[in-house]
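Student:
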Amino acid sequence: MREKWSSSIGFILASIGSAVGIGNIWRFPYIVGENGGGAFLIPYIIAVFLFGMPLMMLEFALGRHFQTSVVPTFSAIGKRFRIAGIFIVLGISMILSYYLVITGWVLAYSLFFIADISVPFSVFTASYYPLLFFLCSGGITFFVVMAGVKGGIEQMAKILIPLLFIMLLLLLAFSLSLPGAGQGMRFYLTPDFERLTDPFVWTAAFGQAFFSLSVGFGILLTYGSYMREEHIAKSAGIITISDLFIAILSGIVIFPLVFSFGLDPASGVQLAFVALPPVFQELRFGLFLGAVFFLLLFFAAITSSVSMLEVPVATLIDQYGFERKKAATVASLLIMLTGLPAALSYTALKLELFGTPLLDLKDFLFGTIGLILAGLILSITAGWFLDSRIIFKEIRGGRVAQKLFTGIIKFLIPTILLINLVVRLL
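FYI, in my numbering the residues of the sequence shown are 26 to 451.
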């Protein structure tokens, strides 16, 4: 018998955990910084509700209706779509293979601050310590998934997601007390309406909404297959608002720090690992605050990692009849082996291709292009080749809402994803 979430709150917290990743906390602020500060929030909020949330509802509906994971779901829509399901599962597995490397970096810096050890990022990545922390992150992810839906994924989410909110609010209170808080908040919340005429701002907003909500790569479809009778639209609304809330709060935490210490708001990964650690070390209670910041990042990263691993594990269970322990072991070993080159790409070995570190190359190929293609496959397959009554039976809603939803899935989402794909490739 298929495992189920023990409660609605467990399902919602696990889904928030899958959506809220490192991207919410460091990628969102630097995307805002690159795209005109407060002006970016308007198209982003539109994108989240008009684009991200309908795709989330679609995944939940597919999972609950077919009561199975990605590959069997696509096979049920049509045998010719089985290869599309396999592509999505392989894609998310490749993303996890390097995401665990970054999760390991975050875990390392959490421990550095707890132990009062100062390690420059360039020194850390040039060593072989990232390999050790990559293995630690992979091990934690494996044990949580092996413990099952209720005993592992749900229990972890019930502990870590509330802690994540508490830690974010703690950092928020500190950040707003800094001398540069006013300048940072003005940059973040004052829209430059002229930037709204720039199509690239809108493209970035829809792209960030897609990446932020974990839609398109089979996670929410898999989680949806463990649902009971939860109201899909209501659940998706709560998850979307929570994800948006955390992203916006992260900006309120980051921008006062950025403007108080003269940092670049558009520096992304460099901001988290290069610029902020020395800042925390100079501050009163800086070691504590640095530890809280990196633990916050780690909680966000590990809940996302767990959700990614569940996709291939569920596929091995449903498609090939593996027991969960065997499925988790096989999937984890293959993903960790695939991730080794990414873990070593910044070390003395300098594993590169075409002058680009393998981690960065995998991020572009799988975390950007692959994700967009997965979203296209999902929306086109479900929108054009599945009886819409199957979806409406799950999500309910009136006739007008159903027509609007159909239009979004069949036309709007593929169009936006195609535009994003072209922009990323240019």
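C-beta: ideal position from N, C-alpha, C; glycine also.
#1: Count the other C-beta atoms from every protein chain shown that fall within 10 angstroms of the C-beta of G243, then say buried if there are 16 or more, exposed otherwise.
#2: Where DSSP assigns a beta bridge to T222, which residues make up the other side?
#3: Could you spell out the range, first to last residue, of the alpha helix (DSSP H) harbouring W130?
#4: Would you check if the region 241-260 and the region 334-341 touch, i.e. whether three or more CB-CB distances between them fall below 8 Å?
#5: State whether the region 210-228 contacts the region 309-324, with contact taken as three or more CB pairs (one from each stretch) at a distance under 8 Å.
#6: In whole angstroms, give me the CA-to-CA distance for K183 and G48.
#7: Buried or exposed for G346, please, with buried defined as at least 16 other CB atoms from any protein chain shown within 10 angstroms of its CB.
#8: What number of angstroms, rounded off, separates the C-alpha of L403 from the C-alpha of L378?
#9: Helix, strand or coil: how does DSSP classify G58 here?
#10: Determine the contact status of R107 and S100, defining contact as a CB-CB distance below 7 Å.
#11: Is R349 close to chain C, meaning its C-beta is less than 7 Å from at least one C-beta of that chain?
#12: Could you give the C-beta distance for M192 and L320, rounded to a whole number, given that I count them as a contact under 8 Å?
#13: For T431, which residues in the same chain have their Cβ closer than 8 Å to its Cβ, ignoring the five residues on either side in sequence?
#14: Spell out a yes or no on whether the region 417-436 and the region 253-272 are touching, meaning 3 or more CB-CB pairs, one atom from each, closer than 8 Å.
#15: If the criterion is Cβ atoms closer than 7 Å, does the pair G472 and T328 meet it?
#16: I need the straight-line Cα distance from A109 to L401, nearest angstrom please.
#17: Suppose the cutoff is 6 Å on Cβ atoms and the five residues either side in sequence are ignored; what does the same chain contact list for V299 look like?
Tutor: So, to answer that:
#1: Counted from its first residue, the sequence shown places residue 243 at position 218. Answer is buried; the Cβ neighbour count reaches 16.
#2: For the purposes of this step, residue 222 is taken as residue 197 along the sequence shown, with counting starting at 1. DSSP lists no bridge partner for T222.
#3: The residue you call residue 130 lines up with position 105 of the sequence shown. It spans R107 to I139 - the alpha helix (DSSP H) in which W130 sits, taken as one unbroken run.
#4: The region 334-341, when compared against the region 241-260, does touch it at the 8 Å Cβ threshold.
#5: Using a C-beta cut-off of 8 Å, the region 210-228 makes no contact with the region 309-324, since fewer than three inter-stretch Cβ pairs fall below that distance.
#6: Translated into positions along the sequence shown, residue 183 becomes position 158. Translated into positions along the sequence shown, residue 48 becomes position 23. Computed Cα separation, rounded: 21 Å.
#7: Walking along the sequence shown from the start, residue 346 turns up at place 321. So G346 counts as exposed.
#8: Translated into positions along the sequence shown, residue 403 becomes position 378. Translated into positions along the sequence shown, residue 378 becomes position 353. Rounded to whole angstroms, the gap between the alpha carbons of L403 and L378 is 30 Å.
#9: Here residue 58 refers to the residue found at position 33 when the sequence shown is read from its first residue. In this structure, G58 counts as helix in the three-state DSSP scheme.
#10: Mapped onto the sequence shown, residue 107 falls at position 82. Mapped onto the sequence shown, residue 100 falls at position 75. In contact: R107 and S100 (Cβ atoms closer than 7 Å).
#11: You won't find chain C in this structure, because it holds only one protein chain.
#12: Here residue 192 corresponds to residue number 167 of the sequence shown, with the count starting at 1. Here residue 320 corresponds to residue number 295 of the sequence shown, with the count starting at 1. Indeed, because the Cβ distance is near 7 Å, the residues count as touching under 8 Å.
#13: Mapped onto the sequence shown, residue 431 falls at position 406. Around T431: G408 and S413.
#14: With the cut-off at 8 Å, the region 417-436 and the region 253-272 touch.
#15: The shown model of the chain, from 26 to 451, leaves out residue 472, and the question about it has no answer.
#16: The residue given as residue 109 occupies position 84 in the sequence shown. The residue given as residue 401 occupies position 376 in the sequence shown. Their backbone Cα atoms lie some 10 Å apart in a straight line.
#17: Position 274 of the sequence shown holds residue 299. So the qualifying residues of the chain are F146.
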